[in-house]
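Under full-length UniProt numbering, think of the first position of the sequence shown as 1, with each following residue one higher.
Glycine included, C-beta positions come from ideal geometry on N, C-alpha and C.
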Amino acid sequence: MTVVPDVIIGPSPVTGLRESVKAFVADWGEQAGIPVEVWALPEGAVSREAALLAFEVLVEAFSAVERATYVSMALTAGVTLRLTVCDDGPGLGSHGVIDRSGLHARAAALGGRYDIASSVGNGTTVTLELPL
1 MTVVPDVIIG PSPVTGLRES VKAFVADWGE QAGIPVEVWA LPEGAVSREA
51 ALLAFEVLVE AFSAVERATY VSMALTAGVT LRLTVCDDGP GLGSHGVIDR
101 SGLHARAAAL GGRYDIASSV GNGTTVTLEL PL
């Protein structure tokens, strides 16, 4: 089951990354009926470029969740911005990962990295790290 809220509002100077992520995750969890454990959210300001990419990676990660019973998410900001989304779904296995949005290249252009780790039966973990 792929569930993404009908209206996706990304981070803005008014709402900020923390509030945008909080709202998205709450809406997604309610619509999907899957518990989402939030481990951390950034307290301080994050550059607009980093915030936009992190939010897009978050939306992509949650839109790929299928047949999971649990999702966890952590987003921290210090020397680096780090986003991790894990689910306990069936994993991507031989389906592979198609980077339709060019997230790997966009992360690299900002000096960071974007990774997806998945195997059949073991869920999927999406990680974004960007220097701040």
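Check your understanding: Of all the options Trp28, Pro90, Thr76 and Leu41, which has the alpha carbon lying nearest to the alpha carbon of Ser119?
Key -> Within the sequence shown, the letter at position 119 stands for residue 119. Closest option to Ser119, Cα to Cα, is Pro90.
Review point. Can the beta-carbon of Val85 be found less than 9 Å from the beta-carbon of Val57?
Key: Your numbering for residue 85 matches position 85 in the sequence shown. Your numbering for residue 57 matches position 57 in the sequence shown. Taking 9 Å as the Cβ cut-off, Val85 and Val57 qualify as a contacting pair.
Point to revise | Whole-angstrom C-beta distance between Thr127 and Leu83, which should lie under 8 Å | key: Stepping through the sequence shown from its first residue, residue 83 is reached at position 83. Stepping through the sequence shown from its first residue, residue 127 is reached at position 127. With 8 Å as the limit, Leu83 and Thr127 qualify as a contact, their Cβ atoms being about 7 Å apart.
**Study point:** For Gly44 and Gly111, the rounded distance between their alpha carbons
**Key:** Locating residue 111 in the sequence shown gives position 111, where the first residue counts as 1. Locating residue 44 in the sequence shown gives position 44, where the first residue counts as 1. When rounded, the distance between both Cα atoms is 20 Å.
Practice item. May I ask you to report which of helix, strand or coil DSSP gives Glu37? Key: One-based indexing of the sequence shown puts residue 37 at position 37. Three-state result, Glu37: strand.
Review point. If you compare alpha carbons, which of Arg67, Val25 and Gly16 is closest to Ala74?
Key: By 1-based counting over the sequence shown, the position of residue 74 is 74. Selected option, being the one with the closest Cα: Val25.
**Study point:** Counted within 10 angstroms of its Cβ, other Cβ atoms place Gly123 as buried (16 or more) or exposed
**Key:** Your numbering for residue 123 matches position 123 in the sequence shown. Gly123 comes out buried.
Review point. If we count the other Cβ atoms within 10 Å of its Cβ and call it buried at 16 or more, is Glu37 buried or exposed?
Key: As a position in the sequence shown, residue 37 is number 37, starting the count at 1. By the beta-carbon neighbour count (other beta carbons within 10 angstroms, threshold 16), Glu37 is exposed.
Check your understanding: Is the beta carbon of Ala61 less than 9 Å from the beta carbon of Asp88?
Key -> Start at 1 with the first residue of the sequence shown, and residue 61 comes out as number 61. Start at 1 with the first residue of the sequence shown, and residue 88 comes out as number 88. Contact flag unset, no.
Review point. If we call anything under 9 Å between Cβ atoms a contact, is Leu132 one with Ala50?
Key: Translated into positions along the sequence shown, residue 132 becomes position 132. Translated into positions along the sequence shown, residue 50 becomes position 50. For Leu132 and Ala50, yes; Cβs fall inside 9 Å.
Check your understanding: Distance, Cα to Cα, Leu17 vs Glu129?
Key -> Taking the sequence shown and counting its residues from 1, one reaches residue 17 at position 17. Taking the sequence shown and counting its residues from 1, one reaches residue 129 at position 129. Going by the C-alpha atoms only, they are around 15 Å apart.
Review point. So, Leu81 versus Ala54, is the Cβ gap smaller than 9 Å?
Key: Taking the sequence shown and counting its residues from 1, the one referred to as residue 81 is at position 81. Taking the sequence shown and counting its residues from 1, the one referred to as residue 54 is at position 54. Yes, the Cβ-Cβ distance between Leu81 and Ala54 is below 9 Å.
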